[in-house]
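Remember, the working numbering sits 423 above the position in the sequence shown when you count from 1. See below for the structure under consideration.
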Amino acid sequence: MLYIGIDVSVDNFHVAIYYPDSESFKLLSFPQSRNGFDDFKSILLSLDDEVSIALEVAGSYSHNPFSFLKNHNFNVILLCPYAVKNILKAFSKSKTDSIDAKNIALSLCLLGGNLKPSCTPPYDILSLRKLVRFRASLTTSLSNLQKQLRNALRYNMPEILKFFKTLSSRVLISLLSNYPSRKQILSREKEVIKLLSSFKKWSEEKAR
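Structural data, given as structure tokens:
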């Protein structure tokens, strides 16, 4: 049995084939492209021994090589970086090698038959993961923008923060969109009062 570890980056994936009898490695590297995947498949088919393949999870980067191998009937085991570190530690093997693919292949060999092949997540699950990541990204961006807005208001119009509990207030956003400076708000008082009083719960008296 040969043990194959795959480490994935943005543009390439690196492969280590571990030969347990001689405790030696063969290192290969391929581009993340159709030609790269086909070349890797040719290498796998040329091997005389059975193979066990493990791929380190690297977010969206690992999806393409994993799907390619599964579509060509290769069983693949997904390992997270933390698991690789702990596996090596449990067997008194330190992760001293800078080549992650070698560490993955060695971890796979150490665990032997205790690992089960991973399944391709359904399309809906993959889509949901992308949506969750996108939502998290939007939430972070919104939080950063609100911090910047709050700091700007504290410096330029500190009194305005007394009237709004949240910076996501529709009233505040409308006010600043139409009159983004203290000078504009003060010089166009009647227009500002009319705008504010057009919102529910904002009477003309409150707007003043």
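Don't be surprised by glycine CBs; every beta carbon is placed ideally from N, CA and C. Values in this document were obtained by computation on a predicted structure and should not be read as measured data.
Out of Leu478, Glu612, Glu479 and Ser452, the CA that lies nearest to the CA of isoleucine 466 is found in Ser452. Secondary structure at asparagine 526: helix, using DSSP grouped into helix, strand and coil. Under the criterion of beta carbons closer than 8 Å, tyrosine 441 and leucine 529 qualify as touching, at roughly 6 Å. For leucine 492, the enclosing alpha helix (DSSP H) stretches over residues 486-494.
Going by C-alpha positions, alanine 477 is about 38 Å away from serine 566.
Take alanine 481, set aside five residues on each side of it, and the residues of its chain with a beta-carbon closer than 6 Å to its own are Val431, in chain order. The DSSP-derived three-state label of leucine 534 is helix. Bridge partners of serine 447 according to DSSP: Tyr442.
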